[in-house]
Structure formats: C-alpha cells, structure tokens
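Just so we're aligned, residue 1439 is where the sequence shown starts under my numbering, counting upward by one.
From the three backbone atoms N, C-alpha and C, an ideal C-beta is built for every residue, glycine too.
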Amino acid sequence: MTRLFCQDNPEILTLDATVVGTRPGAVLLSRHAFYPGGGGQLADRGVIRWAGGEAPVTGFSEEGGALWIGVGGGIEIAGDVQAAVDPEFRQRMRELHTDLHILNALVFRDFDGALVTGVQMNEDGTARIDFDLPDADNDRLRALEPELNDVVAQDLTVQTSYLSMSAAHAEPGLLRSRSVTPPPSPQGLIRIVEIAGLDRQACGGTHLASTGASRPVRILKIENKGRSNRRVRIGLQGP
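Pasting the structure below:
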C-alpha cells in the first residue's frame, strides 16, 4: 500500500475526493484521510458524503495496493464525495497509541531492552501492550505510572520521519517488536515516530503532535501471560 495521508497529516480529518472505482458496498477514492487499521490500532470510523446523501464507513480492504472503503447499505457511489473521519474516535486512537509508545520507551529503558510481543487498542479508551519479560517484577511495572503521566504533562513534541529498511535495521532499538516490522513503503522506507528526548521507534499508526494532548493515563492491570509474557493494560482518564 502507498504511504497514507493520515500518517503525515493525522489532524486533517475531512477531504474532498472523487470516486475512481465503485462496486456495491465499496468505493475507491482519489484520496482520503482514513487509517485502515493495523499494528494494534483499530481502523478509523467515519462517513462518505455525496450530493444524494451519506453512508457510514464499514471497513477497509486492500487489493493490489489500492484501499477499498466499505460503505453501508450496499450502495454504489459515483462522482465527487467528501470523506470524513470520526474526530472523537481518531483522537482516542492517537492518545492511546502515543501513550503506548511512552510506556514502551520506559519499559525498554528499565527492563534491559524488553521487546513487544503484542498490542491492542480498544474503542473504550483502554489498551494493552505485551512484553517479553520472563522475570519482571509486576510492582516495578506498575510503578511506571507516575513517570508515564509526567511525560504526558511535559508536552514533548512527537514527529515522524522515514528511513531505508537497511538503516532502520542498523539502528539499535528502532525495531521494538519481537516478530512484526511495519511494512515498508513502495520506496522501501520505514516510518519512524519520535518523542523528543524520550523515544524513537518504527511505527505505522497515527499519533498526537505532542504528548500533552493526551489525557492522564492509568495502569489498570498487569497480567502474566505464559512463561515470559507480561501484559500491561492502560486506560485514559476523564471523558
């Protein structure tokens, strides 16, 4: 798939577009701002609007490098449209994804470069991240909550850049997942997300422009999942 508009412009949620492909219940657009899901982040919600009405987005499917957008009602749409992302849902995902990067950075620092074994963000404002930590003290993990929120309060800048696949593999600590690497662009580039002074890692999702745009976070639960897996559950505080 080509580089997504939302990866470089996560705050732009509505785009005018033209239907370049159509079939019952799905459209292919000239452009859109949707994140189709991946890396533990849920796909965006939203609507497609046109002169005759609007329909909710029901999902996404990649075919031959093109992203088809599902639309409710099994209708066929043609001509000019407006594609709009649900702002509250996008904000929730951006907060959770940024907060997980903060937690990941703290665990990587304090637990000898522990790698991630799984991530999942939820629509209710909670998320979980799994680490390969066979001998970890769960109380030490739980004690990271104050520093996590201190980083949020510092309002550190979050920026993105791109590296070649070879450069990404050559930089220690850039690839944090035990088994998954963000897919490269057609140009062979890996997207890097950097929290100023704290963290730098490969990722394909949507994030905040700065950590202070997140609500405070709680560590809700820590679970032992198997011999070496620690699952840390977090939740956004407030409405």
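{"Check": "Are there 16 or more other CB atoms within 10 angstroms of the CB of serine 1617, so buried, or fewer, so exposed?", "Outcome": "exposed"}
{"Check": "Use the C-beta contact count for aspartate 1446: other C-beta atoms within 10 angstroms, 16 or more gives buried, fewer gives exposed.", "Outcome": "exposed"}
{"Check": "Is glycine 1484 helix, strand or coil when you go by DSSP?", "Outcome": "strand"}
{"Check": "With a Cβ-Cβ cutoff of 9 Å, do alanine 1565 and glycine 1673 count as a contact?", "Outcome": "yes"}
{"Check": "With C-beta atoms as the reference, is glutamine 1597 less than 9 Å away from leucine 1613?", "Outcome": "no"}
{"Check": "Would glutamine 1558 and glycine 1650 qualify as a contact pair, given that the criterion is a beta-carbon distance under 9 Å?", "Outcome": "no"}
{"Check": "Is there contact here, the segment 1469-1483 with the segment 1527-1536, by at least three beta-carbon pairs under 8 Å?", "Outcome": "yes"}
{"Check": "Would you call arginine 1578 buried or exposed, if buried means 16 or more other Cβ atoms sit within 10 Å of its Cβ?", "Outcome": "exposed"}
{"Check": "Taking one C-beta from the segment 1507-1516 and one from the segment 1596-1611 each time, how about it: are there three or more such pairs within less than 8 Å?", "Outcome": "no"}
{"Check": "Please name the residue in Pro1677, Tyr1473, Ile1515 whose C-alpha comes closest to that of proline 1462.", "Outcome": "Ile1515"}
{"Check": "I need the DSSP call for arginine 1441, collapsed to helix, strand or coil.", "Outcome": "coil"}
{"Check": "Just to confirm, are valine 1655 and phenylalanine 1569 a CB contact at a threshold of 9 Å?", "Outcome": "no"}
{"Check": "How would you call arginine 1668, buried or exposed, if buried means at least 16 neighbouring beta carbons within 10 angstroms?", "Outcome": "buried"}
{"Check": "Would you please state the rounded distance, in angstroms, between the beta carbons of alanine 1543 and isoleucine 1633? I believe it to be under 8 Å.", "Outcome": "7 Å"}
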